[in-house]
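Notes to accompany the following structure.
2 protein chains.
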Amino acid sequence: MIPNKLLALGGEEIGARQTTQRSLILEYLRAQKTHPTAKQVYVGVQERLPGVSLSTVYRTLGWLRDEGEALELNGIDGLAHYDGDISDHGHFTCVRCQKIWDVELDLPQLDHRDFEGKTGFKVREQRLDLYGNCDSCGNKEDE
Amino acid sequence: MIPNKLLALGGEEIGARQTTQRSLILEYLRAQKTHPTAKQVYVGVQERLPGVSLSTVYRTLGWLRDEGEALELNGIDGLAHYDGDISDHGHFTCVRCQKIWDVELDLPQLDHRDFEGKTGFKVREQRLDLYGNCDSCGNKEDE
DNA sequence: AACTTATTAGGAATCATTCCCAAATGCAAA
DNA sequence: TTTGCATTTGGGAATGATTCCTAATAAGTT
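Sequence order for the protein chains is A and B. As numbered in numbering that gives the first Met the number 0, residues 0 to 142 make up the first sequence, in order. As numbered in numbering that gives the first Met the number 0, residues 0 to 142 make up the second sequence, in order.
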């Protein structure tokens, strides 16, 4: 009933069990074009699994993030948003309605060796975020 | 006692009053190299103004953000961090200790006209964020 | 089928942030 | 410099996202 592939999260998993909740949450997340909050995932998954709990949604989303199967985005609404697309892309946030869209971008792979050399820090990921007004929000400024 | 310049926030202010709290909060924020949370600003300002309230700190930081005098960063700790440096720069977040540093970078001014044309969105700001491990956190992975 | 252990449901606890309002203060005009 | 009034503050309550806790349940193995 539950496709095994959905939880083929690398072979190094030890003791990770395949549950209906995990399968449906990941399936739901991957089907979204927007980037839902935990609450929104909860509501969406409830349609197929009415008894699911909010705790499980939070726990599972955190687990997917730790497994590298989902991105956790820090929205300007102060909430965590989740993105099931882990390919390299950027995000656009509308500062008015606060929705988040994907942005295909050709961000040049910046050379961080200079920064790393000066600081001793190690850069592992880079994210580009755009902010502005979306189509529906009428390109109005709020200043 | 309180330098006027600190609150010279553009001439278009109407009815904005210069208070000890506002002056000290902005002064404190600008003196920080790290990017403190509201609570940290509260603690820092308390040293000079013991009676200041947390409400006022939150209210004032939001006001500075709205006035364009401070940046509000969405930390991976889920908390809002504030940056009194409004010049164009990026940020590096250590995924282990969660501190945030400034990064001087020459992010090319990307051409968003293609994205804007396709979507009808209007890009007003772009931010580049780097994530990794800082010097003190020993360049260890946590996987 | 029985056993072992990871996982879940559900509610309580935590904690950042916002809201509310009476008291205090900045500032302008007299 | 005082007075008057609108803005701002302090502090505590309210809100809401996220985490924590634990007994019950379900996955996977023998």
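Beta carbons: idealized from backbone N, C-alpha and C, even for Gly. As the structure is a computational prediction, the values presented were derived from the model and not from experiment.
Check                                                                                                             : Outcome
CB contact check: A:A79 to chain B, cutoff 8 Å                                                                    : yes
Nearest-angstrom Cβ-Cβ length linking B:H90 and B:I99, presumed shorter than 8 Å                                  : 5 Å
Whole runs of the beta strand (DSSP E) within the segment 57–98 of chain A, excluding any shorter than 3 residues : 70–73, 79–82, 89–93
Start-to-end residues for the beta strand (DSSP E) that takes in B:D128                                           : 121–132
Assigned exposure category for A:G131 - 16 Cβ within 10 Å defines buried                                          : buried
Where the alpha helix (DSSP H) through B:Q20 begins and ends                                                      : 19–30
Chain B contacts from the segment 103–127 of chain A (Cβ-Cβ distance under 9 Å)                                   : E103, L104, D105, L106, P107, L109, H111, F114, E115, T118, G119, F120, K121, V122, R123, E124, Q125, R126, L127
Range covered by the alpha helix (DSSP H) that runs through A:E147                                                : Chain A is shown from 0 up to 142; residue 147 of chain A falls before or after that span and cannot be answered.
Residue closest to A:G137, alpha-carbon to alpha-carbon, out of B:T118, B:T19, B:G74                              : B:T118
B:L48: contacting residues in chain A (beta-carbon distance under 7 Å)                                            : Per Cβ cutoff of 7 Å: no residues; B:L48 is ~27 Å from chain A at best.
Three CB pairs or more closer than 8 Å across the segment 62–73 of chain A and the segment 45–54 of chain A       : no
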